[in-house]
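Chains as they are written, first to last, in this note's numbering: chain A, 71 to 155; chain B, 12 to 498.
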């Protein structure tokens, strides 16, 4: 891991809807993942206020690509993939 | 509880609409003192002693609509226009929600069991045999109750084969689940606000209209006039209250002056999601029982009477609280007005601080009348993407909340749900020991109004008809409303 020079940017909607729908768990897993794998310098996590798409949430944006209704585990998989790229 | 269709509700809606019409025309200050005379003209056939008392009552209805705490601030020398000027120039304390009009109170005597003419003085005389206090005597061959001995247990009524025992009630006292209604030394009604849970059952029960809600519509009207952005958040029970679809109701609300309309069902989905998580967590932790938390009158019961139930009440926020949060996240500068069937929501709003105003469906209906808006004639507004929270519109109906929560659990098989549909004196007694009695399940939905929010004190349509309309039968309501003249 960490072969990629550019940082992986993960943006999470932290509006109360997305937060309830799963982004609270996603954030927790994500922070653990980053810590456990020592990729603090390769992954940038950013929170957002409501993105206005509550009913299709939780919304996660990985390297500017939007994912709707996404589970925490899938986000980790996505990041793993991006890191290996 | 009084049937919704009665002379008092008709008068109330007439007073509301007349006041609002003048307000929207900008003539309220000069006209407000004339309204009692318009509504009760000289040739009226009075239902009370005389037209002057009727007019005085209209004056009190107007005071309540202005939000005046009649009990404390009634000054008969003061013209209504003075009250009105005060209302629009300074902020009033929004609580307590209810107030009493002692002039309207009929000082009903304590409830009594009486033997009527239907008594045949039968041979078996089960009343005599079953009275635990020997309070039955026979005079001229007919039963009679010795009131000093009677403990009002009702046994005689149960056993009489001729149905000749009648129980004369005190509607307000009888309907209050928490015994917050008392009579003063003159026999007139008083509310003990330390006990009152703002459920509104007393005000809906009094056939004299002596207990009324202090409206908080004027602060809302001022927000609407202020040009600030204002979002109406509409309770799930609204579907079924007006002769039109939800889309049409949304349009009509915008025509009244709101900039945006958001369904509280959206926040109800968050309540469901979070309550589902909490329930799973609590069951795994070993909790025996969790209750819902969305009914604000139930929350008041816990705060004022049964604090030990805090341990079983879910910590999840109510749909109104989540919806206000969602709206503020999307539009931080908007004011938020909750439109619902509930009086106790006003107590919750005061605690929350994110909701700027609370009005009822009956007040909204008066706004429609005053502005000549016919819901069934207006264009349908786009409701947006509602698929994820459509089912949460059932929060308004008894058993709907628990259904939505269980649906969102990861493992619904661990739940044994039941529900408390309406709280009266008896159910309140049961609530006191709910954590001790053999449990009927581990998840209980609690609603203080029978049938759920669609039977709330701020509704204007009978629950049965509202249900028909919710299921798409629009004709049922148009017919009923014509008949009932409520809207």
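C-beta atoms are modelled at their ideal positions from N, C-alpha and C, and glycine is treated no differently.
Keep in mind that this is a model prediction, so the values were computed, not measured.
Listed along the chain, the chain B residues whose CB falls inside 8 Å of the CB of residue 131 of chain A amount to none; the nearest CB is some 17 Å away. Taking the C-beta atoms as reference points, residue 282 of chain B is found nearer than 9 Å to residue 406 of chain B.
Chain B places a beta carbon closer than 9 Å to that of residue 122 of chain A, counting this residue as a contact. Under the Cβ criterion of 9 Å, residue 85 of chain A is counted among the residues facing chain B. Membership of residue 430 of chain B in the beta strand (DSSP E) is indicated by the continuous run 428 to 432. Inclusion of residue 455 of chain B and residue 302 of chain B in the CB contact set at 9 Å is warranted, their separation being smaller than that value. The shortest C-alpha to C-alpha distance from residue 121 of chain A to any of A:114, A:113, A:130 and A:115 is the one to A:130. Listed along chain B, the residues sitting closer than 8 Å to residue 119 of chain A by beta-carbon distance are 340. With a contact defined as Cβ atoms closer than 8 Å, residue 116 of chain A and residue 152 of chain A miss out at about 15 Å. For residue 458 of chain B, the uninterrupted beta strand (DSSP E) run begins and ends at 454 to 458, by DSSP. By the neighbour-count criterion, in which 16 or more other beta carbons inside 10 Å mark a residue as buried, residue 42 of chain B falls on the buried side.
For residue 84 of chain B, the enclosing alpha helix (DSSP H) stretches over residues 81 to 84. Looking at the DSSP output, residue 176 of chain B bridges to B:126.
Contact annotation, residue 244 of chain B with residue 408 of chain B: C-beta distance approximately 19 Å; criterion of less than 8 Å not satisfied. Straight-line measurement puts the Cα of residue 398 of chain B at about 19 Å from the Cα of residue 89 of chain A. The secondary-structure analysis by DSSP pairs residue 441 of chain B with nothing; it has no beta-bridge partner. Scanning the segment 109 to 151 of chain A from its first residue to its last, the whole beta strand (DSSP E) runs of 3-plus residues come out as 113 to 118, 130 to 132 and 135 to 137. Around the CB of residue 184 of chain B, 16 or more other CB atoms lie within 10 Å, so the residue is classed as buried. Just so you know, the alpha carbons of residue 87 of chain A and residue 124 of chain A end up roughly 6 Å apart. Within the same chain, Cβ atoms closer than 6 Å to the Cβ of residue 332 of chain B are found at 363, the five residues on either side in sequence being excluded. Annotation: residue 391 of chain B to residue 321 of chain B spans about 43 Å, alpha carbon to alpha carbon. Per DSSP, reduced to three states, the secondary structure at residue 194 of chain B is strand.
The residue among B:352, B:359 and B:443 with its C-alpha nearest the C-alpha of residue 462 of chain B is B:352. Distance from the CA of residue 123 of chain B to the CA of residue 176 of chain B, rounded to the nearest whole angstrom, comes to 10 Å. Within the segment 281 to 305 of chain B, contact with chain A at the beta-carbon level (separation under 7 Å) is assigned to 281, 284 and 285.
Counting only runs of at least 3 residues, the segment 210 to 288 of chain B fully encloses the following beta strand (DSSP E) elements, listed from N- to C-terminal order: 222 to 224, 241 to 245 and 271 to 274.
Of the residues B:258, B:74, B:284 and B:266, the one whose Cα lies closest to the Cα of residue 380 of chain B is B:266. Minimum Cα-Cα distance from residue 143 of chain A among the listed residues A:106, A:96 and A:79 corresponds to A:96. For residue 201 of chain B, the secondary structure class from DSSP, reduced to helix, strand or coil, is strand. Relative to residue 189 of chain B, the option among B:311, B:130 and B:118 whose CA is nearest is B:311. At least one beta carbon of chain B lies nearer than 9 Å to the beta carbon of residue 91 of chain A. Contact of residue 397 of chain B with chain A is assigned, a C-beta pair being separated by under 9 Å.
About 5 Å separates the Cβ atoms of residue 85 of chain A and residue 340 of chain B, confirming a contact at the 8 Å cut-off. At least 9 Å separates the CB of residue 421 of chain B from every CB of chain A.
For the segment 337 to 371 of chain B, residues whose beta-carbon sits nearer than 7 Å to a beta-carbon of chain A comprise 337, 340 and 341. For residue 58 of chain B and residue 334 of chain B, the gap between their C-alpha atoms comes out near 44 Å.
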